[in-house]
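Student: This is the structure, below, for whatever I ask next.
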Amino acid sequence: MSARGKARRRALDILFEAEARGEDPLKILAERVDRREPPVNEYTSAIVEGVARHSHRIDELITTYAEGWTLERMPAVDRNLLRGGTYELLWMPDVPEGVVISEWVHLASELSTDESPQFINGLLARFKQLKPSLTL
1 MSARGKARRR
11 ALDILFEAEA
21 RGEDPLKILA
31 ERVDRREPPV
41 NEYTSAIVEG
51 VARHSHRIDE
61 LITTYAEGWT
71 LERMPAVDRN
81 LLRGGTYELL
91 WMPDVPEGVV
101 ISEWVHLASE
111 LSTDESPQFI
121 NGLLARFKQL
131 KPSLTL
C-alpha cells in the first residue's frame with residue numbers, strides 16, 4: 001500500500017472511531033498526534049481536518065445523491081469512506097480524481113460489505129461528474 005493509501009486508511013480509522021465514540025474527529029486526531037504511536041501522517045491530518053471542516057456539506061451531498069439510502073441506514077464504515085473520499089475528491093485538487101475513487105473503493109473492498117465497493121464507486125463517480133456544478 002502506498003504512503004497516501006496508508007494515510008487514507010488511518011484517516012478512515014480516525015473518522016470511524018470518532019463517530020463510534022460520539023467525539024469530534026479533530027479531538028481523536030489530536031490524541032493520535034500526541035500519542036505518536038503510530039505516527040500520524042500529514043496527509044491523514046489533512047483528510048480528517050478537511051472532513052471536519054466541511055462535514056455539513058459532505059453529509060448533505062451524500063444524503064442528496066445516495067439514492068435509496070439515508071446516512072443513518074448506511075454501514076458506519078461506508079459513511080466514513082464516503083466522507084473521506086468526498087472531501088479528497090472535491091477539496092484536494094492536486095490528487096487525480098481517478099486515484100481518489102480507486103483508493104477509497106479499495107478500502108471499501110477490504111473493510112466493508114460485498115456491495116460497498118460498487119456503492120462507494122458509484123457515488124464518488126457521480127460527485128466527480130457533478131464536481132463543476134457543485135457549490136462548495
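Numbering (UniProt numbering), first residue to last: 1 to 136.
Virtual Cβ for every residue (Gly too), placed ideally from N, Cα, C.
(1) Should P39 be labelled buried (16 or more other beta-carbon atoms within 10 Å of its own) or exposed?
(2) Kindly confirm or deny that the stretch 29 to 43 and the stretch 54 to 62 touch, where touching means at least three C-beta pairs closer than 8 Å.
(3) Please classify G68 as buried or exposed, where buried requires at least 16 other C-beta atoms within 10 Å of its C-beta.
(4) I believe L12 touches G84 by the beta-carbon criterion, under 8 Å. Please report the beta-carbon distance rounded to the nearest angstrom.
(5) Go to K128, then tell me how far its alpha helix (DSSP H) extends in each direction, as first and last residue.
(6) Buried or exposed for E37, going by 16 or more other Cβ atoms inside 10 Å?
(7) Which residue comes first and which comes last in the alpha helix (DSSP H) that contains R32?
(8) Starting from G85, follow the alpha helix (DSSP H) in both directions and report where the run begins and ends.
(9) From this set, F16, L71, W91, which residue's C-alpha is nearest A46's C-alpha?
Tutor: Once the coordinates are examined:
(1) exposed
(2) no
(3) exposed
(4) 6 Å
(5) 116 to 130
(6) exposed
(7) 25 to 35
(8) 76 to 91
(9) W91
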